[in-house]
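Okay, so the sequence shown: first residue is 2 according to our numbering, each after it adds one. One structure is given below, encoded as structure tokens.
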Amino acid sequence: MPEVKSRNRRSAETRRRIVEAAHALFVARGYAGTTFQEVADAAGVSVQSVYFHYGSKSGLLKHVIDVASAGDDEPVALLDRDWFTRLREAGDPMEVVRGWVGASAAILERVAPVLAVVNAARGDAEMEAQWASNSEQRRTAHGTFVGILAESHALRPGLTAETATDITVGLLSPELFLVLTRECGWNTGQWETWAADQIACNLLARHC
Numbered sequence: 002m003p004e005v006k007s008r009n010r011r012s013a014e015t016r017r018r019i020v021e022a023a024h025a026l027f028v029a030r031g032y033a034g035t036t037f038q039e040v041a042d043a044a045g046v047s048v049q050s051v052y053f054h055y056g057s058k059s060g061l062l063k064h065v066i067d068v069a070s071a072g073d074d075e076p077v078a079l080l081d082r083d084w085f086t087r088l089r090e091a092g093d094p095m096e097v098v099r100g101w102v103g104a105s106a107a108i109l110e111r112v113a114p115v116l117a118v119v120n121a122a123r124g125d126a127e128m129e130a131q132w133a134s135n136s137e138q139r140r141t142a143h144g145t146f147v148g149i150l151a152e153s154h155a156l157r158p159g160l161t162a163e164t165a166t167d168i169t170v171g172l173l174s175p176e177l178f179l180v181l182t183r184e185c186g187w188n189t190g191q192w193e194t195w196a197a198d199q200i201a202c203n204l205l206a207r208h209c
């Protein structure tokens, strides 16, 4: 058993190094400009090890996105994590908004630059499929957040859950996050304050 645990730890450490190296290279060089050999060299592992763990470049990029979205590679879905359970239990709608936007800020800091790589490579069929999958996952997550507000009757009168989800998807999009933080020079704290105000003003009853 100790040997198995030691082997598992080494394998996990190898995967961590590969993912960190791949994240940096994809963001710096793009999808087409990144090779398995460069990832292997940056991670300090053999190229065979990269192939063994991830099989293909698109598979590696998918895993990079998954880890960036969750913050780790634990097999726990984003909406099954403790912080989201606490969000569900929050009684104040504004607390729910701030919690969701705060979590989104942390996620977007990690994942938005990588999603920009996918967007730029959407001429590739695999990258187009990856973009569609990520877009669907984001909408599902934001829809779940909106559902919490709807269940507590906190949405503005006449605002449907579908439209509220549309608004949230747009305001908390990785594209807008990068425009404001990269092009406009905002820090993440500024974005978070602005985004929480915008979400609250557009979604909540008795706000603004």
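Note that the Cβ used here is the ideal one computed from N, Cα and C, for glycine as well. Bear in mind that the values here come from a model prediction, so they are computed numbers and not experimental data.
Could you tell me the distance, in whole angstroms, from the CA atom of residue i to the CA atom of residue j?
i: Thr166; j: Ala155; result: 14 Å
i: Val46; j: Ala13; result: 13 Å
i: Asp73; j: Ala104; result: 14 Å
i: Pro158; j: Thr164; result: 12 Å
i: Leu26; j: Arg139; result: 24 Å
i: Glu127; j: Ser70; result: 19 Å
i: Gly190; j: Glu184; result: 16 Å
i: Arg10; j: Arg17; result: 10 Å
i: Gly56; j: Trp192; result: 37 Å
i: Val147; j: Arg89; result: 11 Å
Looking at residue j and residue i, is the spacing between their C-beta atoms short of 8 Å?
i: Val112; j: Ile66; result: yes
i: Thr145; j: Leu80; result: yes
i: Gly31; j: Ala91; result: no
i: Val28; j: Val40; result: no
i: His208; j: Val170; result: no
Can you tell me whether residue i is buried or exposed, with buried defined as 16 or more other CB within 10 angstroms of its CB?
i: Asn188; result: exposed
i: Val98; result: buried
i: Thr161; result: exposed
i: Pro76; result: exposed
i: Trp84; result: exposed
i: Val180; result: exposed
i: Thr141; result: exposed
Throw me the rounded Cβ distance for the residue i and residue j pair, which I believe falls under 8 Å.
i: Gln131; j: Lys63; result: 6 Å
i: Asn135; j: Leu109; result: No, Asn135 and Leu109 are not in contact; Cβ-Cβ is about 12 Å, not under 8 Å.
i: Ala23; j: Leu61; result: 5 Å
Measure from the alpha carbon of residue i to the alpha carbon of each residue in the options, then state which is nearest.
i: Thr15; options: Phe27, Ala43, Arg30; result: Ala43
i: Ala197; options: Arg140, Phe178, Val119; result: Phe178
i: Ile200; options: Val180, Gln191, Leu173; result: Leu173
i: Ile149; options: Leu26, Arg87, Ala33; result: Arg87
i: Arg82; options: Met95, Trp101, Asp93; result: Trp101
i: Val119; options: Thr182, Glu176, Phe53; result: Glu176
i: Pro114; options: Thr182, Gly190, Arg18, Cys202; result: Thr182
Run the proximity test for residue i: is its beta-carbon closer than 7 Å to any non-hydrogen atom belonging to the ligand GTP?
i: Ser174; result: In the structure shown, the ligand GTP is absent, as is every other ligand, since no ligand is present at all.
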